Each structure stands twice: as structure tokens, then as C-alpha cells.
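Undergrad: Can you read through this structure? Questions will come right after.
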Amino acid sequence: MDIVAAVEGSTAAIGYGLAAIGPGIGVGLVFAAYIQSTARQPESSRMTLPYVWIGFAVIEALALLGVAFGFVWSGA
Numbered sequence: 001m002d003i004v005a006a007v008e009g010s011t012a013a014i015g016y017g018l019a020a021i022g023p024g025i026g027v028g029l030v031f032a033a034y035i036q037s038t039a040r041q042p043e044s045s046r047m048t049l050p051y052v053w054i055g056f057a058v059i060e061a062l063a064l065l066g067v068a069f070g071f072v073w074s075g076a
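Using full-length UniProt numbering, the final residue of the sequence shown is 76, and nothing's skipped along the way.
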């Protein structure tokens, strides 16, 4: 007797879930590096803060592209 399991529903949700892992890790690494550099050299915190926000914005833009491509490829 063969039992076959069928996968029903949209795989776009799974794709977005996987796509959200990367930006989450990336944002954590950016802010961790900023905190570590500020702890090592506190006087440079004002100089490096704009780079933190630029990195955060780029990472989040890539996450939004992942969402958009998920919708495009799913045909919704």
C-alpha cells in the first residue's frame, strides 16, 4: 500500500520565510559590528553611524526585493 503525501498551498510563503533569514542575520551582523567598533573606539561612533544606517537600508531593500519577487513568481 503506497501512501503519497500531497503538498498543497503556496510555496511563496516558504520562499519568503527563507528569504527573511538572510536579512535578519545581516542586520544583526551590521549592528553587532557597530557596537563592537564603538566599544573599542568610542570617539569614532559619530563617524561610523551613517555607514550603519546605509548598510541597514541596503539589507532591508534586498529583503523587500525578496518579497516582491516572491509575489511576481507566484503569479499573484
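From the three backbone atoms N, C-alpha and C, an ideal C-beta is built for every residue, glycine too.
All values reported here derive from a predicted model rather than from experimental measurement.
If you run the structure through DSSP and keep just helix, strand and coil, what is Gln-41?
TA: Position 41 of the sequence shown holds residue 41. Coil.
Undergrad: By Cβ distance below 7 Å, which residues in the same chain neighbour Leu-62 in space, the five residues on each side in sequence not counted?
TA: Counted from its first residue, the sequence shown places residue 62 at position 62. Cβ within range, chain order: Pro-23.
Undergrad: Between Gly-15 and Ile-59, how many whole angstroms is the CB-CB distance? I'm expecting something under 8 Å.
TA: Stepping through the sequence shown from its first residue, residue 15 is reached at position 15. Stepping through the sequence shown from its first residue, residue 59 is reached at position 59. With a Cβ gap of about 18 Å, Gly-15 and Ile-59 do not count as contacting.
Undergrad: Alpha carbon to alpha carbon, how far is Val-52 from Ser-45? Give it in angstroms, no decimals.
TA: The residue labelled residue 45 in the question sits at position 45 within the sequence shown. The residue labelled residue 52 in the question sits at position 52 within the sequence shown. Distance between the alpha carbons of Ser-45 and Val-52 is about 10 Å.
Undergrad: Can you tell which of Leu-18, Gly-17, Gly-55, Ile-21 has the C-alpha that lies nearest to the C-alpha of Tyr-34?
TA: Within the sequence shown, the letter at position 34 stands for residue 34. The candidate whose alpha carbon is nearest that of Tyr-34 is Gly-55.
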